[in-house]
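Trainee: Can you keep this structure in mind? I'll have questions shortly.
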């Protein structure tokens, strides 16, 4: 039985596909997924009429739904965000419901951006979502809709609220969270990087490798253990930027740290101040989800993948 | 400037309309609202194409959105529930967003059915919704969507999660919660009533009068005090059926109580067991929302209205 990765051209989608090598895979994305031996690669916009039906025509037994317009994009284009993050996901759910004798497992990548301030010191599993972005709103709404479709027996569902993923590959970009990766990835490659916030900023992290591990674990988990509460705060590492930099020093030395230049950016600092810093992730840990426990592990995962 | 009541033919909508006598009112409902002097009464299905635009053509400054297919109806007809409770509400939000220079206050009647078990002894304001019905899911999703539309400046919004309303007027019906009203209203009128659950069952109540008071208070409240968290658990009375019956005894005597016959119903008992029993409602109380503090007050409110 095939597995479908929606968002298959993305950073996590590609890594997940690699981890599922030799399995029957369908990769779908709005940008063409790189060809993979044995995998069907589809370029499609899930929000287009009929696209969801076409994607499930081969009745994938597991659907990893990773596709999204990210936070900045959904803020900049209100209609695009609702169409891509909400309507497209709903179309997928409806296409599944309309297919007779078909009850796939939908593994939905959600986000810690469903939460908004004020935050407790460590966010418990049952804190009410209070998103401060359209992106977070759309993710929280699909979590609820998925839970209802699962309750009614139309599909199986689990939603994984991912930490901020570091170290993201590629070049520095304009995303407000980009610096968390930039200040490691660039110095590790001998290049300069800009830190726009004080090093006292604390945030919640996991590596790309951990994210793929969450998705794999969600595939095999007994979902009756969720008791209808399908959205889980994934485990991660709560760390300050100073701790992040100290780990860089231990792995790559002071010469790497010296490549980081502090250039305060009020706009980025204000955005980051509204982000959560720490989670208990107690339910997810009890269900066997695992993440790194130090920034050195996150850096070493990056170096091993790059090697 | 007119005020619009969507669900204007309903139990709360009609009482609200009476309380706003001499004001510029538009009453809209799928069933024809009873004519009122000075009020425009419209029979319309908000989920029909163009209906939302037509309703706001006179640019009401306050919109009380009380219309819903209730819990049982949304469970029995999945498509109807999503269309009437979700799509119709979204159409209203979109019609508002599409209207230039128009930013009404939307007062949305939500429900304690956004919550699902397991419950703490008293539900705090920041407990995550975990609905166990499509109705509760649809209400929770519109809460989130309203908050995002308010954050973006398209409208002002507040969502009131109403307790179970007692004493409902009319004849006993098949709603699982109906007995809470039946065992008071019928004996007060000298008629027999059936109690389908043990009298140890605890639940969360307010009178129709209190519900109208919530809506009126929401109209005048400074919504900047919500800090973006637009959904509020309304205050109410946490009481057992035994306490309810004891209040009936004090108000109407043992002869009224003797009209209640205990006929256990496993189905109803199972449904009721998944309902919340108590809330802190701390935020709503601090914002000035008020409800009854004893079942005698609830009974006397009913008798005064009937008089």
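Residue numbers (the working numbering), protein chains in the order written: chain X, -12 to 294; chain S, -12 to 294. The beta-carbon is built from N, C-alpha and C at its ideal position, and this holds for glycine as well.
Could you pull the start and end residues of the beta strand (DSSP E) that residue 49 of chain X belongs to?
Mentor: As a working mapping, residue 49 of chain X is identified with position 62 in the first chain. First-last of the beta strand (DSSP E) with residue 49 of chain X: 49 to 52.
Trainee: Beta-carbon within less than 8 angstroms of residue 46 of chain X's beta-carbon, same chain only, minus the 5 sequence neighbours each way: which residues are those?
Mentor: Within the first chain, residue 46 of chain X is the residue found at index 59, counting from 1. Result list for residue 46 of chain X: -12, -11, 86, 89 and 91, in chain order.
Trainee: When the distance is taken between beta carbons, is residue 288 of chain X closer than 7 angstroms to residue 196 of chain X?
Mentor: For the purposes of this step, residue 196 of chain X is identified with residue 209 of the first chain, where counting begins at 1. For the purposes of this step, residue 288 of chain X is identified with residue 301 of the first chain, where counting begins at 1. Result yes, Cβ atoms of residue 196 of chain X and residue 288 of chain X sit closer than 7 angstroms.
Trainee: Report the residue from X:254, X:75, X:227 and X:275 whose alpha carbon sits nearest the alpha carbon of residue 200 of chain X.
Mentor: Here residue 200 of chain X corresponds to residue number 213 of the first chain, with the count starting at 1. The candidate whose alpha carbon is nearest that of residue 200 of chain X is X:275.
Trainee: Tell me, please, whether the region 141 to 150 of chain X touches the region 211 to 221 of chain X by the rule of three or more beta-carbon pairs shorter than 8 angstroms.
Mentor: Because the criterion of three Cβ pairs below 8 angstroms is met, the region 141 to 150 of chain X and the region 211 to 221 of chain X touch.
Trainee: If I'm right that residue 135 of chain S touches residue 270 of chain S with Cβ under 8 angstroms, what's the distance once you round it to whole angstroms?
Mentor: Looking up residue 135 of chain S in the second chain gives position 148. Looking up residue 270 of chain S in the second chain gives position 283. That belief does not hold up - the Cβ atoms of residue 135 of chain S and residue 270 of chain S are roughly 20 angstroms apart, past 8 angstroms.
Trainee: Would you check if the region 118 to 128 of chain S and the region 61 to 77 of chain S touch, i.e. whether three or more CB-CB distances between them fall below 8 angstroms?
Mentor: Enough Cβ pairs lie closer than 8 angstroms, so yes.
Trainee: Roughly how many angstroms separate the alpha carbons of residue 61 of chain X and residue 294 of chain S, rounded to a whole number?
Mentor: What you label residue 61 of chain X is simply residue 74 of the first chain in a count that begins at 1. What you label residue 294 of chain S is simply residue 307 of the second chain in a count that begins at 1. Spanning the two alpha carbons is a distance of roughly 55 angstroms.
Trainee: When we look at the beta-carbon of residue 169 of chain S and count the other beta-carbons within 10 Å, is it buried (16 or more) or exposed?
Mentor: Along the second chain, one-based indexing puts residue 169 of chain S at 182. By the 10 Å Cβ count, residue 169 of chain S comes out buried.
Trainee: Under a CB-based cut-off of 7 angstroms, is residue 261 of chain S close to chain X?
Mentor: Indexing the second chain from 1 puts residue 261 of chain S at position 274. Chain X, which has no Cβ nearer than 7 angstroms to the Cβ of residue 261 of chain S, makes this no.
Trainee: Looking at the structure shown, is residue 109 of chain S part of a helix, part of a strand, or coil, going by DSSP?
Mentor: By 1-based counting over the second chain, the position of residue 109 of chain S is 122. If DSSP states are grouped into helix, strand and coil, residue 109 of chain S belongs with coil.
Trainee: Could you confirm whether any beta carbon from chain X is found closer than 7 angstroms to the beta carbon of residue 124 of chain S?
Mentor: As a working note, residue 124 of chain S is residue 137 in the second chain. With 7 angstroms as the cut-off, residue 124 of chain S counts as an interface residue toward chain X.
Trainee: Chain X partners of residue 215 of chain S, CB-CB under 8 angstroms?
Mentor: By 1-based counting over the second chain, the position of residue 215 of chain S is 228. The contacting residues are 103, 117 and 119.
Trainee: I'd like to know whether the C-beta of residue 113 of chain S is nearer than 7 angstroms to at least one C-beta of chain X.
Mentor: Within the second chain, numbered from 1, the residue matching residue 113 of chain S stands at position 126. So, interface residue.
Trainee: Can you name, in chain order, every residue of its own chain whose Cβ lies under 7 angstroms from the Cβ of residue 132 of chain S, other than the five neighbours on each side?
Mentor: Numbered from its first residue, the second chain carries residue 132 of chain S at position 145. Answer for residue 132 of chain S: 77 and 80, listed in chain order.
Trainee: Between the region 142 to 163 of chain S and chain X, which residues of the former have a C-beta closer than 9 angstroms to a C-beta of the latter?
Mentor: Per Cβ criterion, the list is empty.
Trainee: On a CA-only basis, which of S:65, S:260, S:160 and S:215 is nearest residue 145 of chain S? Give me that one, please.
Mentor: Start at 1 with the first residue of the second chain, and residue 145 of chain S comes out as number 158. Nearest of S:65, S:260, S:160 and S:215 to residue 145 of chain S, Cα basis: S:215.
Trainee: My assumption, with CB atoms under 8 angstroms, is that residue 13 of chain S sits in contact with residue 0 of chain S. Please give the rounded CB distance.
Mentor: Position 26 of the second chain holds residue 13 of chain S. Position 13 of the second chain holds residue 0 of chain S. Between residue 0 of chain S and residue 13 of chain S the Cβ distance is about 11 angstroms, and since that is not below 8 angstroms, they are no contact.
Trainee: Which residue from X:191, X:207, X:202 and X:208 puts its Cα closest to that of residue 266 of chain X?
Mentor: By one-based count along the first chain, residue 266 of chain X stands at place 279. With distances taken between Cα atoms, residue 266 of chain X lies closest to X:191.
Trainee: Alpha carbon to alpha carbon, how far is residue 155 of chain X from residue 26 of chain X?
Mentor: Taking the first chain and counting its residues from 1, one reaches residue 155 of chain X at position 168. Taking the first chain and counting its residues from 1, one reaches residue 26 of chain X at position 39. Distance between the alpha carbons of residue 155 of chain X and residue 26 of chain X: 24 angstroms.
Trainee: Anyone know if the C-beta pair for residue 183 of chain S and residue 245 of chain S falls short of 7 angstroms?
Mentor: If you number the second chain from 1, residue 183 of chain S lands on position 196. If you number the second chain from 1, residue 245 of chain S lands on position 258. In this structure, residue 245 of chain S does not lie closer than 7 angstroms to residue 183 of chain S by Cβ.
Trainee: Going by DSSP, what residues sit across from residue -10 of chain S in a beta bridge?
Mentor: As a position in the second chain, residue -10 of chain S is number 3, starting the count at 1. In the DSSP output, where bridge partners are listed per residue, residue -10 of chain S has S:12 and S:49.
Trainee: Name, please, each residue of chain X whose Cβ falls closer than 8 angstroms to the Cβ of residue 139 of chain S.
Mentor: In the second chain, residue 139 of chain S corresponds to position 152, counting from 1. Chain X residues near residue 139 of chain S: 65 and 121.
Trainee: Please list, in chain order, the residues of the region 59 to 87 of chain S that have any C-beta partner in chain X closer than 8 angstroms.
Mentor: So the close ones are 65.
Trainee: Among S:38, S:11, S:55 and S:242, whose alpha-carbon lies nearest the alpha-carbon of residue 48 of chain S?
Mentor: For the purposes of this step, residue 48 of chain S is taken as the residue at position 61 of the second chain. With distances taken between Cα atoms, residue 48 of chain S lies closest to S:11.
Trainee: With a CB to CB cut of under 8 angstroms and the five nearest residues on each side skipped, what residues in its chain are close to residue 212 of chain X?
Mentor: Sequence index remark: in the first chain, residue 212 of chain X carries index 225 (1-based). For residue 212 of chain X, where only same-chain residues beyond five positions count, the Cβ hits under 8 angstroms are 274.
Trainee: Which residue spans inside the region 14 to 94 of chain X form an unbroken beta strand (DSSP E) run of at least 3?
Mentor: List check, beta strand (DSSP E) in window: 26 to 30 and 49 to 52.
Trainee: Residues in the same chain with beta-carbon distance under 6 angstroms from residue 236 of chain X, minus the five sequence neighbours each way, listed in chain order, please.
Mentor: Within the first chain, numbered from 1, the residue matching residue 236 of chain X stands at position 249. Counting only Cβ-Cβ distances below 6 angstroms, and skipping sequence neighbours, we find 244.
Trainee: Can you tell me which residues form a DSSP beta bridge with residue 265 of chain X?
Mentor: Position 278 of the first chain, counting from 1, holds the residue named residue 265 of chain X. BP columns for residue 265 of chain X are empty, so no partner.
Trainee: Output yes or no for whether 7 angstroms exceeds the beta carbon distance between residue 20 of chain X and residue 39 of chain X.
Mentor: Residue numbering aside, residue 20 of chain X sits at position 33 when the first chain is read from its first letter. Residue numbering aside, residue 39 of chain X sits at position 52 when the first chain is read from its first letter. Contact: no.
Trainee: What's the C-alpha gap between residue 98 of chain S and residue 217 of chain S?
Mentor: By one-based count along the second chain, residue 98 of chain S stands at place 111. By one-based count along the second chain, residue 217 of chain S stands at place 230. The alpha-carbon atoms of residue 98 of chain S and residue 217 of chain S are separated by roughly 13 angstroms.
Trainee: List, in chain order, every chain S residue whose beta-carbon is nearer than 8 angstroms to that of residue 132 of chain X.
Mentor: Your numbering for residue 132 of chain X matches position 145 in the first chain. Chain S residues near residue 132 of chain X: 124 and 128.
Trainee: Kindly identify the DSSP beta-bridge partner or partners of residue 3 of chain S.
Mentor: Position 16 of the second chain holds residue 3 of chain S. None; residue 3 of chain S has no bridge partner.
Trainee: Under the three-state reduction of DSSP, which class applies to residue 227 of chain S: helix, strand or coil?
Mentor: Residue numbering aside, residue 227 of chain S sits at position 240 when the second chain is read from its first letter. Reduced to three states, the DSSP call for residue 227 of chain S is strand.
Trainee: Please decide whether residue 108 of chain S counts as near chain X, where near means a Cβ-Cβ distance under 7 angstroms.
Mentor: Taking the first residue of the second chain as 1, we reach residue 108 of chain S at position 121. For residue 108 of chain S, the answer is no, since every Cβ of chain X falls outside 7 angstroms of its Cβ.
Trainee: Please check if any C-beta of chain X sits within less than 7 angstroms of the C-beta of residue 186 of chain S.
Mentor: As a first step, residue 186 of chain S is located in the second chain; it is residue number 199 there, counting from the start. Answer no: the Cβ-Cβ gap between residue 186 of chain S and chain X never drops below 7 angstroms.
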